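The block underneath contains the structure these notes are about, expressed in structure tokens.
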Amino acid sequence: MVVARKWVYVKPFDGLPKDENFKLEQETLPDELAENEFLAEAEFLSVDPYMRPYMAAYPAGTTMIGGQVSKVTVSRNEQFPVGAYVFGNFGWRTHTIVNPDKLPAENRPYVLPSFGSHPRSLGLGVLGMPGNTAYFGFLELCQPKAGETVVVSGAAGAVGSVVGQIAKLKGCTVVGVAGSDDKCAWLRQLGFDATINYRTVGEGGFAAALKQAAPKGVDCYFDNVGGYISAAVMQQMNLFGRISVCGTISNYNDARVQVSDPQREFVFKQLRQEGFIVTRWHKRWMEGIEANLRWIEEGKLTYQETVTEGFERMPEAFVSMLTGGNTGKAVVKL
Ligand SMILES: NC(=O)C1=CN([C@@H]2O[C@H](COP(=O)(O)OP(=O)(O)OC[C@H]3O[C@@H](n4cnc5c(N)ncnc54)[C@H](OP(=O)(O)O)[C@@H]3O)[C@@H](O)[C@H]2O)C=CC1
Ligand SMILES: CCCCCC(=O)/C=C/[C@H]1[C@H](O)CC(=O)[C@@H]1CCCCCCC(=O)O
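To get the working numbering, take the position in the sequence shown, counting from 1, and add 13.
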């Protein structure tokens with residue numbers, strides 16, 4: 014008999030998530046698997062920004078959504094043999110019975126490729142969804158050219174840190190925006206040409222700090238945060254600049270700020286802005302993972318993880334990530 018532990022969303026979020034929004038429960042799983050099913054035992058769980066806005070679509074009583082790297086411990090599906098490690102969106106749970114055939118193509122679990130000497134947790138970060146978000150969302154939508162200036166917000170996080178390094182690999186000048194001096198120091202170690210700590214310069218000082226960091230203006234903007242940071246970047250875009258809108262974390266906890274209307278910049282600078290959801294490229298998923306792995310092996314792409322130990326600490330790790338407690342990818346180790 015397998016008893017799974019799971020974190021249930023028991024009360025809708027209002028502002029930053031709190032303990033009262035979550036309840037740790039148990040669920041006894043069936044003893045027998047049906048044909049094509051397998052049992053997955055979680056090793057690493059992901060905490061990601063989307064969980065905060067996406068849960069608004071689910072009723073109270075739903076298990077928290079999320080990705081995990083897990084081990085197949087029992088299987089009636091030959092594509093997911095016992096002992097294989099898989100990525101799957103199984104939610105905040107320790108054990109899950111999965112029938113992959115019942116899931117839509119873009120949300121199907123997959124067996125992780127070999128990461129060589131690197132930890133399997135990278136399947137939640139640079140060698141998984143966030144890494145692919147950086148790879149496709151930046152290269153496809155920004156179409157960067159050598160010599161151009163690229164600004165990345167949320168730059169020290171899972172997605173942003175990879176975007177900035179890929180931009181360097183493409184010969185760009187890269188400015189990273191992040192929320193602490195330590196994060197900015199790490200970005201400069203990674204090769205970012207300039208950094209802005211948006212918390213110390215503040216909303217009033219951001220435009221001047223950007224002017225100094227990007228004196229030739231901005232050709233590409235990879236936007237993870239929205240709000241006043243993005244409004245200010247848009248004012249300093251160059252002719253024919255490109256903006257990849259990845260996320261808007263500055264308002265996920267219901268905070269809204271008044272920002273200036275960027276339409277005039279779009280007309281006169283002839284800018285192009287496009288939002289995306291990374292599963293748009295699900296048919297090319299392994300291409301992104303392989304490219305990022307190759308760059309890691311070649312020493313051209315560096316990663317960092319912020320690891321919280323213990324399933325019971327999932328809500329704590331989630332809130333910490335939403336408030337800037339992570340550098341690189343935030344994961345929870347069981
Ligand atoms: N479109 C898509 O398909 C996808 C979009 N995303 C989006 O990418 C973005 C980054 O995700 P991910 O890399 O996983 O997360 P991160 O690892 O970057 O973690 C979140 C970070 O956001 C920063 N942050 C929090 N509040 C604010 C704020 N008010 N203003 C500026 N920064 C803030 C914090 O860093 P700091 O200390 O710098 O404030 C925090 O560490 C998110 O917006 C997410 O929704 C992610 C995956 C797929
Ligand atoms: C305004 C909110 C923007 C959020 C952008 C974002 O972070 C999107 C993330 C998704 C990404 O594009 C692909 C994913 O894997 C993320 C969502 C995953 C949802 C899994 C849902 C599984 C389930 O319903 O059980």
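Cβ coordinates follow ideal geometry from the N, Cα and C atoms, glycine included. Just so it is clear, the structure is predicted and the values come from calculations on it, not from any experiment.
Start-to-end residues for the beta strand (DSSP E) that takes in residue i
i	result
Asn251	250-258
Phe281	Per DSSP, Phe281 belongs to no beta strand (DSSP E); it is in the alpha helix (DSSP H), 276-282.
Ser59	51-59
Cys233	231-236
Tyr22	16-22
Ala207	207-210
Val82	81-88
Lys346	342-346
Arg285	285-288
Tyr98	98-101
Gln39	35-41
Val270	Per DSSP, Val270 belongs to no beta strand (DSSP E) and is neither H nor E.
Ser166	162-166
Closest by C-alpha distance to residue i, when choosing among the options
i	options	result
Ile302	Leu42, Phe35, Pro117, Phe149	Phe149
Lys160	Ala180, Asn145, Val172, Ala171	Residue identity check: residue 160 is Gly in the sequence provided, not Lys. Nearest of Ala180, Asn145, Val172, Ala171 to Gly160, Cα basis: Ala180.
Ala53	Phe93, Ile78, Pro30, Val23	Phe93
Ser59	Gly79, Leu46, Val87	Gly79
Leu37	Val21, Phe51, Gln225, Ile209	Val21
Pro72	Asn90, Phe35, Tyr98, Glu56	Phe35
Val291	Ile309, Thr208, Val172	Val172
Gly218	Ala245, Lys196, Phe205, Val270	Ala245
Pro30	Asn49, Val16, Ala69	Ala69
Val231	Lys158, Asp267, Asn264	Lys158
Val124	Val188, Val99, Val85, Arg133	Val99
Val238	Thr261, Met247, Met250	Thr261
Trp294	Val87, Ile209, Phe151	Phe151
Ile110	Glu48, Tyr67, Ala343, Lys229	Glu48
Residue i CB to nearest heavy atom of ligand 1 below 8 Å
i	result
Ala330	no
Thr261	yes
Ile256	no
Asp274	no
Met77	no
Met68	no
Met247	no
Arg201	no
Ala191	yes
Ligand 2 heavy atom lying under 8 Å from the CB of residue i
i	result
Asn102	yes
Asn120	yes
Val291	yes
Asp236	no
Asp61	yes
Thr146	yes
Tyr265	yes
Inter-residue spacing [alpha-carbon to alpha-carbon] between residue i and residue j
i	j	result
Thr41	Gln81	20 Å
Thr75	Ala147	29 Å
Tyr211	Lys296	36 Å
Ser130	Ser166	30 Å
Arg89	Lys24	36 Å
Leu223	Ala198	17 Å
Trp298	Glu216	37 Å
Asp32	Gly177	34 Å
Arg277	Val175	31 Å
Glu50	Pro113	7 Å
Lys196	Leu46	46 Å
Ala168	Leu137	18 Å
Ala220	Leu203	24 Å
Met250	Ile209	17 Å
Ala343	Glu329	11 Å
Where the alpha helix (DSSP H) through residue i begins and ends
i	result
Gly189	Premise fails: Gly189 lies in the beta strand (DSSP E), 186-191, not in any alpha helix (DSSP H).
Gly177	171-182
Val320	Element bounds for Val320: not the alpha helix (DSSP H) but the beta strand (DSSP E), 318-322.
Val332	327-335
Thr107	Where Thr107 is concerned, there is no enclosing alpha helix (DSSP H), given that its DSSP letter is neither H nor E.
Thr146	142-155
Gln92	First-last for Gln92: undefined, no H or E at that position.
Asp194	194-203
Problem set entry | contact_flag[the region 99-106, the region 295-310] where n(CB pairs < 8 Å) is 3 or more | Judged by Cβ distances under 8 Å, the region 99-106 makes no contact with the region 295-310, as fewer than three pairs qualify.
Exercise. Are the region 247-256 and the region 283-290 in contact at 8 Å, needing three or more beta carbon pairs?
Worked result: At 8 Å Cβ cutoff, the stretches touch.
Exercise. Between the region 323-340 and the region 192-206, do three or more beta carbon pairs fall short of 8 Å?
Worked result: Short answer: they touch.
For this session: Spell out a yes or no on whether the region 127-146 and the region 308-315 are touching, meaning 3 or more CB-CB pairs, one atom from each, closer than 8 Å.
Result: By the Cβ test, the region 127-146 is in contact with the region 308-315, since at least three Cβ pairs between them sit closer than 8 Å.
Problem set entry | Validate contact between the region 262-281 and the region 109-122 using beta carbons, cut 8 Å, 3 pairs | Contact between the region 262-281 and the region 109-122 is absent: fewer than 3 CB-CB pairs across the two stretches fall below 8 Å.
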